[in-house]
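For reference, the structure discussed in these notes is given below.
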Amino acid sequence: MSGLNEWDRLGKVVYAESANQSEKIYSTWAKDYEKDVSVLKFVANDSLVKHSFDLIKNDESSLMLDLAAGTGITALAYKNAGYKGICDALEINAAMMEIAKQKGIYRNTICKGVTATDPVPVQQNSYDVVAISGAFLENHLPQGCVPYVVDVLTIGGLMIFNSRNTEHNANYQKILWEIIEGQVNQGRISLLRSVEAPYYEENCPESGKPMTARVAVYKRLK
Ligand SMILES: C[S@@+](CC[C@H](N)C(=O)[O-])C[C@H]1O[C@@H](n2cnc3c(N)ncnc32)[C@H](O)[C@@H]1O
C-alpha cells in the first residue's frame, strides 16, 4: 500500500468491495494501522471510554470482550483509564490479532469472525462488557450479529459501541438501528446512553470536516 496516504489506506478497508476483501487488506495494513490512525487523530476509543467508563462494572472480577479488537487499542484505552477487570479479544484478522496479543493485556485471544447467523464463538451469558469500536460499518461486522452479541452478555451486562456518522455509513446505520430497536422492543436490552462524539479529529476527505460517531451503551435485561 505504498504511495497511498493514511486516508487512502483507511479507505481501502472502508470502501472495499466485500467484507472478504476488507479482511484481506487488513493483513497488509496491520503493521501500519496504529501509526496511520494516530496521524488521523483517531480518538474513537477515547470517546468510547469517556462516555461509558462510569457505567461499567470495574473490579477484578469484571469480564470484558473486546470485539473486533484489531490491534488491541480499544481494551488498552479502558486499561489506561483504570479498568481493573479481565479482557478477552475476538478478531477475524490474524495479522491484527497478532499485534493485539503482543500488548499482553488479554486473557484469551480468539481469531474468528462474528457473523449474522451464528453465536459469537465465546462463552454465552458471561461478559459484563462487550466493547466494539470501529467495526459497525460496511464490510466489517454484519448488523445481524447484534442479537448474538447480546447473548454473550450477563444479565445487566453492557454492549458499548460506536458507529461512524458518515454519508457512506448512513444505510448501514439505518439497518443497525432497526435491529437494535428490535432487541429493545423484545425487552432484551435498554438504552443507557447515546451521544455524538469525536471519532477522527483530522478533516476527512469526503466531508472536509472531522468525523464524529454515535457512541451508545445498551444494558442486557433478559
Ligand atoms: C477499524 S478496526 C478497529 C479495531 C479496534 N477496535 C480499534 O479501535 O482500533 C476494525 C476491526 O474489525 C475487524 N473485523 C471486521 N469484521 C469482523 C468480523 N466479522 N468479526 C470480527 N472482527 C471483524 C477487522 O479485522 C479490524 O481489525
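Last residue of the sequence shown: number 221 in numbering that gives the first Met the number 0, and the count goes up by one each step with no gaps.
Virtual Cβ for every residue (Gly too), placed ideally from N, Cα, C.
Fair warning: this is a prediction, and the values are worked out from it, not measured in the lab.
Quiz item: What do you reckon, is the C-beta of G112 under 7 Å from a heavy atom of ligand 1?
Solution: yes
Quiz prompt | Bridge partners - F160, DSSP secondary structure assignment | solution = I131 and A215
Practice problem: Sort out for me which residues DSSP pairs L54 with in a bridge. | Solution: Paired residues: none, contrary to the question.
Quiz item: Would V151 pass as a contact of Q123 if the rule is Cβ separation under 8 Å?
Solution: yes
Practice problem: Please state whether DSSP places N138 in a helix, a strand or coil. | Solution: coil
Quiz item: Taking the alpha-carbon positions, what's the F160 to I178 distance?
Solution: 14 Å
Self-check item: Between the CA atoms of H139 and N222 - distance to the nearest angstrom
Solution: There is simply no residue 222 to check, as the chain begins at 0 and stops at 221 in what is shown.
Quiz item: Between the Cα of S125 and the Cα atoms of S60, N19 and R213, which residue gives the shortest distance?
Solution: S60
Quiz item: By Cβ distance, which residues of its chain are closer than 8 Å to G186, with the 5 residues on each side in sequence left out?
Solution: L220 and K221
Quiz item: Excluding five sequence neighbours on each side, which residues of the same chain lie with their C-beta closer than 6 Å to the C-beta of M95?
Solution: Y25, A29, G69 and T70
Practice problem: If I'm right that E195 touches K40 with Cβ under 8 Å, what's the distance once you round it to whole angstroms? | Solution: Actually they are not in contact, since the Cβ atoms of E195 and K40 sit about 17 Å apart, beyond 8 Å.
Quiz item: Using CA coordinates, which residue listed in A43, A93 and L54 is at the minimum distance from L75?
Solution: A43
Quiz item: What first and last residue would you give for the beta strand (DSSP E) that runs through Y199?
Solution: I188 to N202
Quiz item: Looking only at DSSP bridge pairs, what is I85 linked to?
Solution: L62
Quiz item: Within 7 Å: the Cβ of Y25 and any heavy atom of ligand 1?
Solution: yes
Quiz item: Taking 7 Å as the cut-off, is the CB of N44 close to at least one heavy atom of ligand 3?
Solution: Ligands displayed in this structure: ligand 1; ligand 3 is not among them.
Quiz item: Is E22 near ligand 1, with its Cβ less than 7 Å from a heavy atom?
Solution: yes
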